[in-house]
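Number of protein chains: 2
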Amino acid sequence: MATEYGYFDDAHREYVITNWINYLGNEDFFGLISNTAGGYNFYKDAKFRRITRYRYNSVPMDSVGRYFYIVENSTVWNPGWKPCKTALDEYECRHGLNYTRITGAKNKVRASVLYFVPLGVKAEIQRLTLTNLSNEMKHLKLFSYAEWCLWNAATDGENFQRNLSTGEVEVEQGAEWTAIYHKTEYKERRNHYAYYAVNCPVQGYDTDRESFVGLYNELSEPQAVLNGHSADSLAHGWSPIASHYIEVELAPGESKDYIFVLGYEENEENEKFNNSKLKIKNYELLTSLGERDHHIINKVRAHEVIKRFSSVEAVDAAFAELNALWDELLSKYHVESSDERLNRMVNIWNQYQCMITFCMSRSASFFESGVGRGMGFRDSNQDLVGFVHQIPERARQRIIDIASTQFPDGGCYHQYQPLTKRGNNDIGGGFNDDPMWLIFGTTAYIRETGDFSILDEMVPWDNEPGSEVSLMEHLRISFNHVVNNLGPHGLPLIGRADWNDCLNLNCFSMDPNESFQTTGNKTEGSQAESLMIAGLFVYCGRQFVELLETIDRSAQGQKSAMLKDIIASANTQVDAMCKAVEQYGWDGEWYLRAYDYYGNKVGSHENEEGKMFIESQGWCGMARIGAEQGMPEKALDSAARLLDSEHGMGIQRERRYFLPQQPLGHHRPDRSRKRQ
Amino acid sequence: MATEYGYFDDAHREYVITNWINYLGNEDFFGLISNTAGGYNFYKDAKFRRITRYRYNSVPMDSVGRYFYIVENSTVWNPGWKPCKTALDEYECRHGLNYTRITGAKNKVRASVLYFVPLGVKAEIQRLTLTNLSNEMKHLKLFSYAEWCLWNAATDGENFQRNLSTGEVEVEQGAEWTAIYHKTEYKERRNHYAYYAVNCPVQGYDTDRESFVGLYNELSEPQAVLNGHSADSLAHGWSPIASHYIEVELAPGESKDYIFVLGYEENEENEKFNNSKLKIKNYELLTSLGERDHHIINKVRAHEVIKRFSSVEAVDAAFAELNALWDELLSKYHVESSDERLNRMVNIWNQYQCMITFCMSRSASFFESGVGRGMGFRDSNQDLVGFVHQIPERARQRIIDIASTQFPDGGCYHQYQPLTKRGNNDIGGGFNDDPMWLIFGTTAYIRETGDFSILDEMVPWDNEPGSEVSLMEHLRISFNHVVNNLGPHGLPLIGRADWNDCLNLNCFSMDPNESFQTTGNKTEGSQAESLMIAGLFVYCGRQFVELLETIDRSAQGQKSAMLKDIIASANTQVDAMCKAVEQYGWDGEWYLRAYDYYGNKVGSHENEEGKMFIESQGWCGMARIGAEQGMPEKALDSAARLLDSEHGMGIQRERRYFLPQQPLGHHRPDRSRKRQ
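Here you go:
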């Protein structure tokens, strides 16, 4: 089934494409990669530890990337077509599970590059295989290209007074490998460095962008490539890059592999430098400041990785290990149905997507620049439901990390930075659906693992040491945050917004320099209420009660009494919320969406536009609010009718999700599901 | 005298160049323009009101700009060489005073573009003159190009969740002109719009970047230009641009002028829209949302400007007006010496540069991205000295604006945003030399104008209405801010830094995510003291006293008594500072630079590196501290000796600046200076 983007290859669990992107890495070192090898790498945090540069919304589109320039006589081409865009005789990009393989061929030379991040390694491996498909000897020149980001992706494009003056590198040339090191600010106050190595000697290198690219040149015509040789530049300030220049001879039919390693390492403060022996045996070392540089990086960690991946066998082994992990991850949940598209989505791509959201949580993509936001509080909790069966241990840690950013009143930072694990002050909080998602995620985790011990974990407020309380207490406070923030109709105040980040019912900003997405400028006396949060509250509230009751079964004495109190009051609050929705949240045929700042209805038949919203139908429906009066079914019927009449869409209603969920007490639920 | 950049043409007061940049506009509408027409426009504030896009530190370098594509058969070229970089038969760029003229010729067609911002107009005029130098008829195609910035230059490159969905335009086609309007967020909460018009009908247009440029194309090969015709695209979201497509016929020797106007206008809230008449007579109007757009911009203001500059005569008149202004500005200060380079610098370029710094104050250049900072408190005060004789009225307002951002304790925001005129919280304050610069600037203003009334102006603290006190009181508090922030040696605490922003003696940040330029993380019990501030304090303190004494002459009774008190205590403080410098700030041969956080000397012969700094020699010397012991002269001798021995530079000492300045009471000083 080919689309404008490409087609699925189920046998290899790959998507063969012409225009799409993929994610490399599933631990701490990540890469975003497009089908032309565009994209960038970062360690943990796309904002604070950006390793290579990428230019969002640039012309040309999708620039920069991990480029290889192949020169044969006057022809220059790239395996991924970009940036030279020389017409290729063959082109294919295969995006697999945390790996991408790009193959291009020109004039009977094939170049195939496998990109992936080995498990437990802070580096991206780029295995380039060059094959001579002709009957003659081939004399080629190969140039690699990577552009370093000065660590903080936000200031990298802003503070040139600093950026253009601080760049520093080291180049290490030897018999077994050639490594280019990026160490900007390493001398001063950083304990981390990046490197780009290849497993062979080279004919030259470049580390200064202008020397390699040329003053006015585009990346499609770098000066060094046009010259046919590198400039052997040592960057000091301006824009540091990493490029290897390698001359390649290929006999008819011959294949050669080049293993490039683009990595990141951190050193302890007391072992940062290596002054005693500036050079390792038989290796020449060059630095930005030449002889005046008494601060040579201690490279022990990088050398370990470079040496480990010096052979094709080692790369194959690491790649096999990555594939084995995915065999294991995908083996935990499997559906066999007559619908191959359903099977494909459920058994491979949806689970893969869930792992990606676990790692990134919308913080970085080809749509999110990676500097505007961190990991979402709400997002991370709901994404968790998708991967908890794959990696329960990591899901557990994620829940603790998220809860640790919560405020003592139950409010939440809307986002947090994965590097520091601290709440993101730039965005702040006040999105009133956030607290409920912690209950949602935690119960999903326990439902999957049966691990009630997580509730006893001691978790701080706002990362403040000494403020720790049990996770269970975080859940109780989260529940109460809604109870303590009710509006005039007894419905939850929406705060800055709810699940729909852009439903800013309290924002009447006329200051165009404020972000209308994240401003709630009418905080005083706001009446804006959200039916979506009401549904979410009842849905999660009932799970919260079920959780308490389950614990209570094995509890005694004072603890049991305390639990019974909480259960009683929680039930009271949930019932009250149901009444409020039935009385003020029901529009006659469907659930309202909200009341705005002035108390006007949103999502009512009375409205000229936006008569019905899906969020409140879904959540109030799943919460079974007004079930006795058949409200959930009525709302779905109305939605189907509306969509049918307005958009001519025949909707088949799906009630399966009204079936009771796996009970909380039951450990390791049977996952085999059949559907014909 | 040609350099690698170009040469001066004194007759025309132009710099003829191959690689340099210029500034257009000297009021509210500005443009930065390079010799290849690269750069961008903004209204008042390079961060909050960016009108067109520019990509700093991009590949290709210096992109985007105000580009004209000229197509003749298969040849595509630009008058400014970029972005096509087609080899030109002729090329010249003349940067004049607030205008730039770029001329290119190819295959006997000459294209000359004059770029300038007329006085009192919020628009950049681009007068393109096409001349047929051949004996045959020429059939050309002309494409213009401008890329809109979504108003806030900081978020424009960051928040794509919003940016890619909000772009909106209008296109107005008629007999006399064709105008493309950028109105993103105008419907919602902005009262301003931008436009790009040409004074003729067109054969087509584009407002969507991808439609014009193509998916993967570079600006050197836009798809529409390659196709030979526009795509007539209407942007809705993604990246809105403005491009006119014009077919041009030129008889042998014929010349044609095209006047492009790139402008910005604001409407009152109650007159934003023009729903009654969607179209003006004989004009076709197209919008992003087509017929569904009931929010057509009220274009009265833009139409006035477009109509006004519909003729070459009108453009010539406006250009003459701009040149006349500069004749007048430069007539106020003139030096005749035997050194033509001195004459050139003093009479033209230094004064021009001062006007630029008045307008920009380092907030935007090809080095400052325009988003990282606003107008400098210190910078604006010291720049003022350079232009106060040219535009005393504007200098007066600038002083009031700057003082209005000051804190009640005399501390200052280090920068403020020109659009809001409010202090920049991102940078904050604590640079302890800042307050003295307000005294420096104000006395310079009075010395030039004799306008003592400025001292009675009521000026708020931190822009807080109701907090107003007289400017004189601001000066007194500024003076006291140093007095109230003395260190263990009785020298001024440096705070976060002084004139040397990077001298962060209190910053020991090991958090690489902090900016080492603007972090003073050791605030508790800091001892770091600055000799530069000490010198600045004495220098400005004496001027402050002179100012008070001058006022006192015409004062009586209580006011006079009060003044005498302030004078007495000021003199005491200044004398004490001199003593402190002589005792703890003198290294034996020169003035120390500072004491760091730990009380260690900086800028002493005891130091291994950085034995002597210029800032303290200059300011303590100009303040004549330790004159009795000949410290100023000794310091200069030592500096000369050191430079001579270390760098083999023979230094001629210049003592002229030790001559007494123009007395404060004396109005409109005689500016004629002779030097042989």
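Chains as they are written, first to last, in this note's numbering: chain A, 1 to 676; chain B, 677 to 1352. All residues carry an ideal CB built from backbone N, CA and C; glycine is no exception. Only a predicted model underlies this, so the values are computations on that prediction, with no experimental measurement involved.
Note to self: On the DSSP letters alone, give me the boundaries of the beta strand (DSSP E) that residue 978 of chain B sits inside.
What the structure shows: Residue 978 of chain B -> not in any beta strand (DSSP E); alpha helix (DSSP H) instead, spanning 976-984.
Check: At which residues does the alpha helix (DSSP H) containing residue 632 of chain A begin and terminate?
Finding: 631-647
Next item on the list: Label residue 50 of chain A either buried or exposed according to how many other C-beta atoms from any shown protein chain fall within 10 Å of its C-beta, with 16 as the threshold for buried.
Entry: buried
Check: Taking residue 999 of chain B as the reference, which of B:1135, B:736, B:775 and B:751 has the closest Cα?
Finding: B:775
Next item on the list: Check the Cβ-Cβ distances between residue 1285 of chain B and every residue of chain A, and say whether any is below 7 Å.
Entry: no
Margin query: Suppose you measure from the CA of residue 588 of chain A to the CA of residue 577 of chain A; what does that come to, to the nearest Å?
Written below: 18 Å
Notebook entry, point to check: Ends of the beta strand (DSSP E) at residue 800 of chain B?
Noted result: 799-808
Notebook entry, point to check: Quick one: any contact between the stretch 974-981 of chain B and the stretch 992-1007 of chain B, if contact means 3 or more CB pairs under 8 Å?
Noted result: no
Item checked: Identified DSSP bridge partners for residue 22 of chain A -> A:33
Check: For residue 750 of chain B, does the count of other Cβ atoms within 10 angstroms reach 16, so buried, or fall short, so exposed?
Finding: exposed
Check: Beta carbon of residue 547 of chain A, beta carbon of residue 566 of chain A: below 7 Å?
Finding: no
Note to self: Using 7 Å as the threshold, is the C-beta distance between residue 112 of chain A and residue 86 of chain A below it?
What the structure shows: no
Next item on the list: May I ask which residues mark the beginning and end of the beta strand (DSSP E) holding residue 743 of chain B?
Entry: 743-748
Next item on the list: Determine, using beta-carbon pairs with one atom in the stretch 1139-1151 of chain B and one in the stretch 1200-1215 of chain B, whether at least three such pairs fall under 8 Å.
Entry: no
Notebook entry, point to check: Between which two residues does the alpha helix (DSSP H) containing residue 400 of chain A stretch?
Noted result: 392-403
Next item on the list: Take residue 418 of chain A and list the residues in its own chain whose beta-carbon comes closer than 7 Å to its own, dropping the five residues that flank it on each side.
Entry: 44, 45, 363, 374 and 375
Next item on the list: Could you tell me which of A:252, A:176 and A:145 sits nearest to residue 139 of chain A, measuring between CA atoms?
Entry: A:252
Check: Mind checking whether residue 1367 of chain B and residue 707 of chain B have CB atoms under 7 Å apart?
Finding: The requested residue 1367 of chain B does not occur in the structure, where chain B is confined to residues 677 to 1352.
Item checked: Simplified DSSP state of residue 1158 of chain B, which is helix, strand or coil -> helix
Note to self: Can you check whether the C-beta of residue 43 of chain A is within less than 7 Å of a C-beta belonging to chain B?
What the structure shows: no
Next item on the list: Spell out whether any CB of chain A is found under 7 Å from the CB atom of residue 916 of chain B.
Entry: no
Note to self: By the 8 Å beta-carbon criterion, what residues does the stretch 359-387 of chain A contribute toward chain B?
What the structure shows: 367, 368, 369, 371 and 372
Item checked: Residue range of the unbroken alpha helix (DSSP H) whose run includes residue 440 of chain A -> 434-449
Note to self: Any beta carbon from chain B within less than 7 Å of residue 143 of chain A's own beta carbon?
What the structure shows: no
Margin query: DSSP has residue 285 of chain A in a bridge; who is on the other side?
Written below: A:172
Next item on the list: With a 10 Å radius around its C-beta and 16 neighbouring C-beta atoms as the bar for buried, classify residue 352 of chain A as buried or exposed.
Entry: buried
Check: Would residue 892 of chain B count as contacting chain A if we go by Cβ distances under 7 Å?
Finding: yes
Check: Of all the alpha helix (DSSP H) runs that stay within the bounds of the stretch 1008-1066 of chain B, which reach a length of 4 or more residues?
Finding: 1016-1020, 1026-1036 and 1053-1063
Next item on the list: Report the neighbours of residue 213 of chain A on chain B: residues whose CB is nearer than 7 Å to its CB, in chain order.
Entry: 735
Checklist line | Secondary structure, alpha helix (DSSP H): runs of 4+ residues fully inside the stretch 1253-1315 of chain B | finding: 1290-1298
Check: Where does residue 795 of chain B fall in DSSP's three states?
Finding: coil
Notebook entry, point to check: If residue 378 of chain A and residue 431 of chain A are in contact, beta carbons under 8 Å, what's the gap, nearest whole angstrom?
Noted result: 7 Å
Notebook entry, point to check: Closest Cβ-Cβ distance between residue 1188 of chain B and chain A: below 7 Å?
Noted result: yes
Check: For residue 8 of chain A and chain B, any beta-carbon pair shorter than 7 Å?
Finding: no
Notebook entry, point to check: Which residue from B:1114, B:1296, B:1045 and B:983 puts its Cα closest to that of residue 830 of chain B?
Noted result: B:1045
Item checked: Option in A:434, A:355 and A:454 with minimal Cα separation from residue 399 of chain A -> A:454
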